[in-house]
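When you number the sequence shown by the numbering used here, it's gap-free, plus one each residue, and the end is 173. A short worksheet on the structure shown next.
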Amino acid sequence: MRALKFPGIALLALLMFRTGAEAGGAGTIWDGVYAEAQAERGAAIYKEKCEICHAANMRGGPGARGVVGLAFQFLWKDKTLGELFEALRTKMPPGQPGTLTDQEYIDVLSAILRGNGLPAGEGQELPADRARLDQLLIIWDQP
Numbered sequence: 031m032r033a034l035k036f037p038g039i040a041l042l043a044l045l046m047f048r049t050g051a052e053a054g055g056a057g058t059i060w061d062g063v064y065a066e067a068q069a070e071r072g073a074a075i076y077k078e079k080c081e082i083c084h085a086a087n088m089r090g091g092p093g094a095r096g097v098v099g100l101a102f103q104f105l106w107k108d109k110t111l112g113e114l115f116e117a118l119r120t121k122m123p124p125g126q127p128g129t130l131t132d133q134e135y136i137d138v139l140s141a142i143l144r145g146n147g148l149p150a151g152e153g154q155e156l157p158a159d160r161a162r163l164d165q166l167l168i169i170w171d172q173p
């Protein structure tokens, strides 16, 4: 009898987790967390402010790491979008951190997510809110 109850409890816990993610609780980067228009704005900012070091294809160059691909994914695996957002804000551009607005940083982060093949959501933009971003886990294996 117990063996039959456990799968039901596990299924209930899984459903509660997914519902929590959709209602603003914990989630992942696969949940469509950015809007396509936001990634477009971010791509324009990236071209102006980031491309010189990180390359047009986002794969990096002699003096800067790429922001797409396996090395980037390995570096940020199992961290949160909040940690990545904070790194962008406090370290980029080199020698001039914090010179973009929070909205510009979050738009660039959206372009980076898109560049890594992650899906856009249904129009809701990724917020420049560290507390909310800390609830979004960076995982690279699609759930």
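From the three backbone atoms N, C-alpha and C, an ideal C-beta is built for every residue, glycine too. Remember, it's a predicted structure, so these values are computed and weren't measured experimentally.
Subject >> CB contact flag (residue 83, residue 138, <8 angstroms) >> reply: no
3-residue-minimum beta strand (DSSP E) runs that sit fully inside the stretch 81–124, ordered along the chain: none
I'd like the span of the alpha helix (DSSP H) that includes residue 70, first residue to last. 66–79
Would residue 58 pass as a contact of residue 166 if the rule is Cβ separation under 8 angstroms?
yes
- Query: Nearest to residue 111 by alpha carbon, out of 92, 86, 157, 145?
  - Reply: 157
**Message:** Suppose you measure from the CA of residue 173 to the CA of residue 125; what does that come to, to the nearest Å?
**Reply:** 38 angstroms
**Request:** Go to residue 133, then tell me how far its alpha helix (DSSP H) extends in each direction, as first and last residue.
**Result:** 132–145
Three-state class that DSSP yields for residue 167 in the structure shown: strand
Own chain partners of residue 168 with C-beta closer than 6 angstroms, once the 5 adjacent residues on each side are dropped:
The residues are 59, 106, 109.
Practice item. Measure the Cβ-Cβ separation of residue 96 and residue 140 and say whether it is below 8 angstroms. Key: no
In whole angstroms, what separates the C-alpha of residue 118 from that of residue 155? 18 angstroms
Closest to residue 74 by C-alpha separation, out of 135, 102, 120, would be which residue?
Looking from the CA of residue 74, the closest CA among 135, 102, 120 belongs to 135.
Which residue wins for smallest C-alpha separation from residue 171, given the options 147, 161, 151?
147
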